[in-house]
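Trainee:
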Amino acid sequence: MSDPYQTIADRLQARLDDLTRAERQLADSILAAYPISGLGSITQVAQAADVSTPTVARMVQKLGFKGYAEFQAALRSELEAKISGPIARRETWAEGAPGAHILNRFTEAVIGNIRQSLAHVDPAQFDAVCDLLADPARRVHVAGGRITRTLADYLSLHLQMVRPGIVPLQGQQNAWAHSLLDIDAGDVLVIFDVRRYENATLRLAEMASEKGVEIVLFTDQWRSPVHRLARTALVSRTVVPSAWDSSVTTLLMVETVIAAVQERCWRETHGRMEALDEMFNRTGFFRKFT
1 MSDPYQTIAD
11 RLQARLDDLT
21 RAERQLADSI
31 LAAYPISGLG
41 SITQVAQAAD
51 VSTPTVARMV
61 QKLGFKGYAE
71 FQAALRSELE
81 AKISGPIARR
91 ETWAEGAPGA
101 HILNRFTEAV
111 IGNIRQSLAH
121 VDPAQFDAVC
131 DLLADPARRV
141 HVAGGRITRT
151 LADYLSLHLQ
161 MVRPGIVPLQ
171 GQQNAWAHSL
181 LDIDAGDVLV
191 IFDVRRYENA
201 TLRLAEMASE
211 KGVEIVLFTD
221 QWRSPVHRLA
231 RTALVSRTVV
241 PSAWDSSVTT
251 LLMVETVIAA
261 VQERCWRETH
271 GRMEALDEMF
281 NRTGFFRKFT
């Protein structure tokens, strides 16, 4: 049974090894401005990728569609899901909700999200993210949106214990311009952006990219518009039986990144943790049981 939440981008990534050179060129073109890039006529999509129209027809069939019209219908459905708000999401899953208890249904959805997300993570890309974040020559700036700010804070707090040079972008988004003054070429900017994607986050990514900053994106399966500017993106599936998307898989990605960066920096991290514990002891921050 096919996964109803599998995007065309997921299918393309999963089938890359099965595509011809021309089809892979077409896939790259579609993913570069996904999903808008696939909404033109078959001729327009072929011309944008510099391939023939038969190449487009063959590739959509390899992805499991009967023809180009069915492929575009699926893309339009994705676009509708991408821009939908909490009320529309709740109505979508409630219509066909099974009778099992919400604890079971929600947990099964989360487990499915984790499995599908991990199946599509490129280990080389994941390692590249961790290498960037562990590089002592680079400062790391971390920004999140209205909902994802908590994930950004979680990542930056842990990275501050692991290594120096971590700069959380806090406060109102209209203050981010001040932070851009101190971002230099070669720095890393970690951005969290999930549907409904925020304009301020995209503007931040655009201006940082112009300054030669390496962008790492944490996003959902529909992919934030920031992904076209990112050096790499860690994609997490988010759909659960709720009006709100789930952050569980994204948090798993974040915690795994923290663990991997910690190991890469362990010699320095060990000393930083000892110094931090000494500060906590002197301030009496944590309660002691004696």
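In UniProt numbering, the protein residues as written are 1 to 290.
Quick reminder that beta carbons are idealized off the backbone N, C-alpha and C, glycines included.
Would you mind reading off the limits of the alpha helix (DSSP H) that contains Pro-168?
Mentor: Looking up residue 168 in the sequence shown gives position 168. Note, Pro-168: premise wrong, no alpha helix (DSSP H); beta strand (DSSP E) at 166 to 168.
Trainee: Please classify Asp-193: does DSSP put it in a helix, a strand, or coil?
Mentor: Locating residue 193 in the sequence shown gives position 193, where the first residue counts as 1. DSSP places Asp-193 in coil when its eight states are reduced to three.
Trainee: Given this structure, state the Cα-to-Cα distance separating Val-239 from Ile-42, to the nearest angstrom.
Mentor: Counting from one through the sequence shown, the residue named residue 239 turns up at place 239. Counting from one through the sequence shown, the residue named residue 42 turns up at place 42. Each residue's alpha carbon lies about 30 Å from the other.
Trainee: May I have a chain-ordered list of the beta strand (DSSP E) segments no shorter than 3 residues that lie completely inside the region 202 to 275?
Mentor: With a minimum length of 3 residues, the continuous beta strand (DSSP E) runs that stay inside the region 202 to 275 are 214 to 220 and 232 to 236.
Trainee: Counting along the chain, where does the beta strand (DSSP E) carrying Val-140 start and finish?
Mentor: Taking the sequence shown and counting its residues from 1, one reaches residue 140 at position 140. Taken as a continuous stretch (DSSP letters only), the beta strand (DSSP E) holding Val-140 covers 140 to 143.
Trainee: Within 10 angstroms of its Cβ, does Phe-101 collect 16 or more other Cβ (buried), or is it exposed?
Mentor: Along the sequence shown, one-based indexing puts residue 101 at 101. At residue 101 the sequence reads His, which differs from the Phe that was named. Its Cβ having fewer than 16 others within 10 Å, His-101 is exposed.
Trainee: Taking the runs of the alpha helix (DSSP H) that are 4 residues or longer, which of them lie wholly in the region 12 to 61?
Mentor: DSSP runs (the alpha helix (DSSP H)) wholly in the region 12 to 61: 21 to 32 and 42 to 49.
Trainee: Any idea what DSSP makes of Val-188, helix, strand or coil?
Mentor: As a first step, residue 188 is located in the sequence shown; it is residue number 188 there, counting from the start. Residue state, collapsed to three classes: strand.
Trainee: Below 8 Å on the Cβ atoms is my contact criterion, and I expect Cys-265 with Arg-163 to pass it. Report the Cβ-Cβ distance as a whole number of Å.
Mentor: Here residue 265 refers to the residue found at position 265 when the sequence shown is read from its first residue. Here residue 163 refers to the residue found at position 163 when the sequence shown is read from its first residue. Confirmed, about 5 Å.
Trainee: Throw me the rounded Cβ distance for the Leu-204 and Ala-143 pair, which I believe falls under 8 Å.
Mentor: The sequence position of residue 204 within the sequence shown is 204, counting from 1. The sequence position of residue 143 within the sequence shown is 143, counting from 1. With 8 Å as the limit, Leu-204 and Ala-143 qualify as a contact, their Cβ atoms being about 6 Å apart.
Trainee: Pair every Cβ in the region 205 to 214 with every Cβ in the region 226 to 233, then say whether three or more of these pairs are closer than 8 Å.
Mentor: Enough Cβ pairs lie closer than 8 Å, so yes.
Trainee: Do you know offhand how far Tyr-197's Cα is from Ala-32's?
Mentor: On the sequence shown, position 197 is the one that residue 197 refers to. On the sequence shown, position 32 is the one that residue 32 refers to. C-alpha separation (whole angstroms): 17 Å.
Trainee: Over what stretch of residues does the alpha helix (DSSP H) that includes Arg-105 continue unbroken?
Mentor: For this step, residue 105 is matched to residue 105 along the sequence shown. It spans 102 to 119 - the alpha helix (DSSP H) in which Arg-105 sits, taken as one unbroken run.
Trainee: Pull up the distance between the alpha-carbon of Leu-181 and that of Gln-61, whole angstroms please.
Mentor: Numbered from 1 along the sequence shown, position 181 holds the residue referred to as residue 181. Numbered from 1 along the sequence shown, position 61 holds the residue referred to as residue 61. Distance between the alpha carbons of Leu-181 and Gln-61 is about 48 Å.
Trainee: Indicate the three-state DSSP secondary structure (helix, strand or coil) for Phe-285 in the structure shown.
Mentor: In the sequence shown, the residue the question calls residue 285 occupies position 285. If DSSP states are grouped into helix, strand and coil, Phe-285 belongs with coil.
Trainee: Do Ala-233 and Thr-249 count as a contact pair if the criterion is CB distance below 8 Å?
Mentor: Translated into positions along the sequence shown, residue 249 becomes position 249. Translated into positions along the sequence shown, residue 233 becomes position 233. In this structure, Ala-233 does not lie closer than 8 Å to Thr-249 by Cβ.
Trainee: By the three-class DSSP mapping on this structure, what secondary structure does Leu-75 have?
Mentor: By 1-based counting over the sequence shown, the position of residue 75 is 75. Here Leu-75 sits in helix by DSSP.
Trainee: For the alpha helix (DSSP H) that Arg-163 lies in, which residues bound it at each end?
Mentor: Locating residue 163 in the sequence shown gives position 163, counting from the first residue. First-last for Arg-163: undefined, no H or E at that position.
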